[in-house]
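Here the structure comes first, spelled out in structure tokens, and everything after it is commentary.
Protein chains: 2
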Amino acid sequence: MLYQGKNYRTVWLDEGKLFIIDQNELPYNFKIIELENINHVFAAIQKMKIRGAPAIGAVAALGYALAIYRSIDSQLSENIIQYYELLLASRPTAVDLKNGLDAVKWSIENESDPNVIKTAALQAANIFVENSVLECKSIGKYGNQLIADGCRILTHCNAGALATVDHGTALAPMREAHYCGKKIFVYVDETRPRCQGMRLTAWELAQEGIDHAIIADNAAGYYMQQGKIDLVITGADRIAANGDIANKIGTYSKAVLAKENGVPFYIAAPFSTFDRELSSGQDIPIEERSPDEVLKFNNLALSSGLSTAYNPAFDITPAKYITGYITPAGIFTIKDFYKLWEMNIKAQSSRQS
Amino acid sequence: MLYQGKNYRTVWLDEGKLFIIDQNELPYNFKIIELENINHVFAAIQKMKIRGAPAIGAVAALGYALAIYRSIDSQLSENIIQYYELLLASRPTAVDLKNGLDAVKWSIENESDPNVIKTAALQAANIFVENSVLECKSIGKYGNQLIADGCRILTHCNAGALATVDHGTALAPMREAHYCGKKIFVYVDETRPRCQGMRLTAWELAQEGIDHAIIADNAAGYYMQQGKIDLVITGADRIAANGDIANKIGTYSKAVLAKENGVPFYIAAPFSTFDRELSSGQDIPIEERSPDEVLKFNNLALSSGLSTAYNPAFDITPAKYITGYITPAGIFTIKDFYKLWEMNIKAQSSRQS
Numbered sequence: 099m100l101y102q103g104k105n106y107r108t109v110w111l112d113e114g115k116l117f118i119i120d121q122n123e124l125p126y127n128f129k130i131i132e133l134e135n136i137n138h139v140f141a142a143i144q145k146m147k148i149r150g151a152p153a154i155g156a157v158a159a160l161g162y163a164l165a166i167y168r169s170i171d172s173q174l175s176e177n178i179i180q181y182y183e184l185l186l187a188s189r190p191t192a193v194d195l196k197n198g199l200d201a202v203k204w205s206i207e208n209e210s211d212p213n214v215i216k217t218a219a220l221q222a223a224n225i226f227v228e229n230s231v232l233e234c235k236s237i238g239k240y241g242n243q244l245i246a247d248g249c250r251i252l253t254h255c256n257a258g259a260l261a262t263v264d265h266g267t268a269l270a271p272m273r274e275a276h277y278c279g280k281k282i283f284v285y286v287d288e289t290r291p292r293c294q295g296m297r298l299t300a301w302e303l304a305q306e307g308i309d310h311a312i313i314a315d316n317a318a319g320y321y322m323q324q325g326k327i328d329l330v331i332t333g334a335d336r337i338a339a340n341g342d343i344a345n346k347i348g349t350y351s352k353a354v355l356a357k358e359n360g361v362p363f364y365i366a367a368p369f370s371t372f373d374r375e376l377s378s379g380q381d382i383p384i385e386e387r388s389p390d391e392v393l394k395f396n397n398l399a400l401s402s403g404l405s406t407a408y409n410p411a412f413d414i415t416p417a418k419y420i421t422g423y424i425t426p427a428g429i430f431t432i433k434d435f436y437k438l439w440e441m442n443i444k445a446q447s448s449r450q451s
Numbered sequence: 099m100l101y102q103g104k105n106y107r108t109v110w111l112d113e114g115k116l117f118i119i120d121q122n123e124l125p126y127n128f129k130i131i132e133l134e135n136i137n138h139v140f141a142a143i144q145k146m147k148i149r150g151a152p153a154i155g156a157v158a159a160l161g162y163a164l165a166i167y168r169s170i171d172s173q174l175s176e177n178i179i180q181y182y183e184l185l186l187a188s189r190p191t192a193v194d195l196k197n198g199l200d201a202v203k204w205s206i207e208n209e210s211d212p213n214v215i216k217t218a219a220l221q222a223a224n225i226f227v228e229n230s231v232l233e234c235k236s237i238g239k240y241g242n243q244l245i246a247d248g249c250r251i252l253t254h255c256n257a258g259a260l261a262t263v264d265h266g267t268a269l270a271p272m273r274e275a276h277y278c279g280k281k282i283f284v285y286v287d288e289t290r291p292r293c294q295g296m297r298l299t300a301w302e303l304a305q306e307g308i309d310h311a312i313i314a315d316n317a318a319g320y321y322m323q324q325g326k327i328d329l330v331i332t333g334a335d336r337i338a339a340n341g342d343i344a345n346k347i348g349t350y351s352k353a354v355l356a357k358e359n360g361v362p363f364y365i366a367a368p369f370s371t372f373d374r375e376l377s378s379g380q381d382i383p384i385e386e387r388s389p390d391e392v393l394k395f396n397n398l399a400l401s402s403g404l405s406t407a408y409n410p411a412f413d414i415t416p417a418k419y420i421t422g423y424i425t426p427a428g429i430f431t432i433k434d435f436y437k438l439w440e441m442n443i444k445a446q447s448s449r450q451s
């Protein structure tokens, strides 16, 4: 991702030190902070200095591996267990968090030599992170095929580089189209209540030099009705076996409006977001967050104090509203995607047997 | 409307003085201010200390009449023209503003005696205001028929007492249901970007003791999908001959979501909102307001300063999404309403001939 013309990742290792962009400071300040120990990693995830499922998975993997690497040999086996438990508890729902930690843990499961363990942990974390970057890059390449020159795209929330290690999911196709010299325009839902669209997505697009405007969430339907939106791309937090998706509150509304206005609606997501064990979106619990996220803006109260707010953080968009899924393996209908998935599993098991 | 258990109007005359509730101070302070002269009236409308089409019509009628009443006889005919022009220019679009001024002007058109003019002007303004209150009361009575005990209602923006002289349009049926002892619950769209729902509607409902919660505009579809909303009632700024309506940005989105989820969607409006000369909603120009309304919250910037915002203030909801129109004469389909209207015009002209 670009900042003032220079390339950055959301999280990275440099000379054995772990760095992140502090997203709580954006869009006001671009601040890089070092996470010096496992407690820093825990706090950074919990305080949402780093957010977005793939980014959390990456910082957890790197933070966990680095803490293992730095352990005194005599405390190593104890730390491997403790640090895993600690980081796993840093955020409640993101499956990528567990995936990142597991990638490191599994790589050292049958090892006993401290030096081998330390090297293997770091290597596994690095592979996990690079794989995450490659998946996003692939999403960008495939998604770019949907984008014609002059295309006007709506996106919701931030499924950008900041939510991943780099490139993003929903924003990856827009970056790729822009790099290919296509002229595009992005309508950025501000995404109340936490305004990740206004704060983060708009900031990323501005840094890339991609033409865009922030709109109130209320205005998305208006622009679709006016025929000014050609395509909607959002990310997803979870994708069920039937293709229903959970994503930031308001995604469902945009999907209904897109269908009503004949606008294609795509979900961009890495493999880890697909959850074949989950039969439908109805089984996904919706997190209810603090009323203050609605009632206050940067701690400034906007209501009288006499009213409460309801604040569901996510909603479920049924598969019937979704035109297709942009994945690292191509653009699919949900049926085709899971068919491919099963073929891969069969191919893998036949190789292993 | 109640404030701390006492009844108020949005605008009123008391012992020859004109008062309003300063809506820019809400919901933080309940501040009553006197509009001492015609320039105060102009500034109050322009700075949106008083807003909402019916409320603007009322303050314009009363302010105009009072300024005429207080004129020196020798300047009377000059003032009648000047004050009319001044107030008419205070806000660009509201048709009620012109209606209020015209009610006063027409009442004195063929008069020359200063005392008769002054008395007639004040009387016409008072009649205009009382008529506005009665229309809202009627909307409340009829709309209440749609509300069952336990009903959960969604509303958008503020079409409350604060937008009228009293009772409101969309909020009048909810007040009436509450007064009748029905237990209701209101989902209040915060209504970005200006947050009239969060600031004004929630405040009115809290003062009345009506159970409610503020929600992000993004969450309205979620609650409809969950089957938690039984009825939607909003106001309108203008209603075309074919039943299309213009209302606060986001109304269209809620209407589409209501239809998709089988939730009845009603518009509550006084007679002056119906514009038979306007064939369809496509002919209504949409005001584009300052990007800062989206980008700043009480002057606090929420974006990096590198992005602009688009800020359409209204949208058009096509008639096909509207279940019915709650008017002071009853609840109608658009065809039946205009049929009644024509019957009234015919009856009036046969009485006059």
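Chains as they are written, first to last, in our numbering: chain A, 99 to 451; chain B, 99 to 451.
For every residue, glycine included, the Cβ atom is placed at its ideal position computed from N, Cα and C.
How would you write the range of the beta strand (DSSP E) that residue i sits in, first residue to last?
i: residue 134 of chain B; result: Neither: residue 134 of chain B is in no beta strand (DSSP E) and is coded neither H nor E.
i: residue 287 of chain A; result: 283–287
i: residue 311 of chain A; result: 310–313
i: residue 155 of chain B; result: Element bounds for residue 155 of chain B: not the beta strand (DSSP E) but the alpha helix (DSSP H), 151–167.
i: residue 338 of chain A; result: Here residue 338 of chain A belongs to no beta strand (DSSP E), and DSSP marks it neither H nor E.
i: residue 345 of chain A; result: 343–346
Going by DSSP in three states, residue i sits in which element: helix, strand or coil?
i: residue 374 of chain A; result: coil
i: residue 387 of chain B; result: coil
i: residue 246 of chain A; result: coil
i: residue 408 of chain A; result: strand
i: residue 393 of chain B; result: helix
i: residue 379 of chain B; result: helix
i: residue 332 of chain A; result: strand
i: residue 195 of chain A; result: helix
i: residue 108 of chain A; result: coil
i: residue 403 of chain A; result: coil
i: residue 264 of chain B; result: coil
i: residue 148 of chain B; result: coil
i: residue 327 of chain A; result: coil
i: residue 433 of chain A; result: helix
i: residue 280 of chain B; result: coil
I need the boundaries of the alpha helix (DSSP H) containing residue i, first residue and last residue.
i: residue 179 of chain B; result: 174–186
i: residue 213 of chain B; result: 212–242
i: residue 349 of chain B; result: 349–358
i: residue 124 of chain B; result: Per DSSP, residue 124 of chain B belongs to no alpha helix (DSSP H) and is neither H nor E.
i: residue 321 of chain B; result: 318–323
i: residue 423 of chain A; result: No alpha helix (DSSP H) holds residue 423 of chain A; the beta strand (DSSP E) holding it covers 422–425.
i: residue 300 of chain B; result: 300–306
i: residue 364 of chain B; result: Run containing residue 364 of chain B: none in the alpha helix (DSSP H); it sits in the beta strand (DSSP E), 363–366.
i: residue 417 of chain B; result: No alpha helix (DSSP H) contains residue 417 of chain B, which DSSP labels as neither H nor E.
i: residue 259 of chain A; result: From DSSP, residue 259 of chain A is part of no alpha helix (DSSP H); its letter is neither H nor E.
i: residue 254 of chain A; result: It is not in any alpha helix (DSSP H) - residue 254 of chain A carries neither H nor E in the DSSP assignment.
Under 8 Å between beta-carbons, which chain A residues line up against residue i? List them in chain order, please.
i: residue 319 of chain B; result: 348, 350, 351, 354, 413
i: residue 406 of chain B; result: 311, 312
i: residue 315 of chain B; result: 290, 314, 315, 316, 348
Which bits of chain A does residue i rub up against, with CB to CB less than 7 Å?
i: residue 396 of chain B; result: 398
i: residue 125 of chain B; result: 401, 402
Would a check of beta-carbon distances place residue i closer than 7 Å to chain C?
i: residue 231 of chain B; result: Looking for chain C here will not work: the only protein chains present are A and B.
Which residues of chain B have a Cβ atom closer than 7 Å to the Cβ of residue i, listed in chain order?
i: residue 410 of chain A; result: 317, 320
Taking Cβ-Cβ distances shorter than 8 Å, what residues in chain B pair up with residue i?
i: residue 452 of chain A; result: What the structure shows of chain A is the stretch from 99 to 451, and residue 452 of chain A is not part of that stretch, so it cannot be assessed.
i: residue 323 of chain A; result: 350, 413, 414
Using 8 Å as the Cβ pair cut-off and three pairs as the minimum, do the stretch 111–131 of chain B and the stretch 144–155 of chain B touch?
yes
Along the stretch 344–374 of chain A, where does the CB come closer than 7 Å to a CB of chain B? Name the residues.
347, 348, 350, 351, 354, 355, 358
Using 8 Å as the cut-off, can you tell me whether the stretch 372–392 of chain B makes contact with the stretch 410–429 of chain B, which would need three or more C-beta pairs spanning the two stretches below that distance?
yes
I want to know whether the stretch 233–240 of chain B touches the stretch 264–271 of chain B - three or more CB-CB distances under 8 Å.
yes
Check whether the stretch 249–259 of chain A and the stretch 272–290 of chain A touch, using three or more Cβ-Cβ pairs below 8 Å as the test.
yes
Does the contact criterion of 3 or more C-beta pairs under 8 Å hold for the stretch 273–280 of chain B versus the stretch 293–306 of chain A?
no
Taking beta-carbon pairs under 7 Å, can you tell me which members of the stretch 290–310 of chain B lie near chain A?
290, 291, 293, 296, 297, 300, 301, 304, 310
Assess contact between the stretch 349–358 of chain B and the stretch 321–335 of chain B, defined as three or more Cβ pairs (one per stretch) separated by less than 8 Å. Is contact present?
yes
Are the stretch 209–219 of chain A and the stretch 254–261 of chain A in contact at 8 Å, needing three or more beta carbon pairs?
no
Do the stretch 330–340 of chain A and the stretch 361–373 of chain A make contact, defined as three or more Cβ pairs closer than 8 Å?
yes
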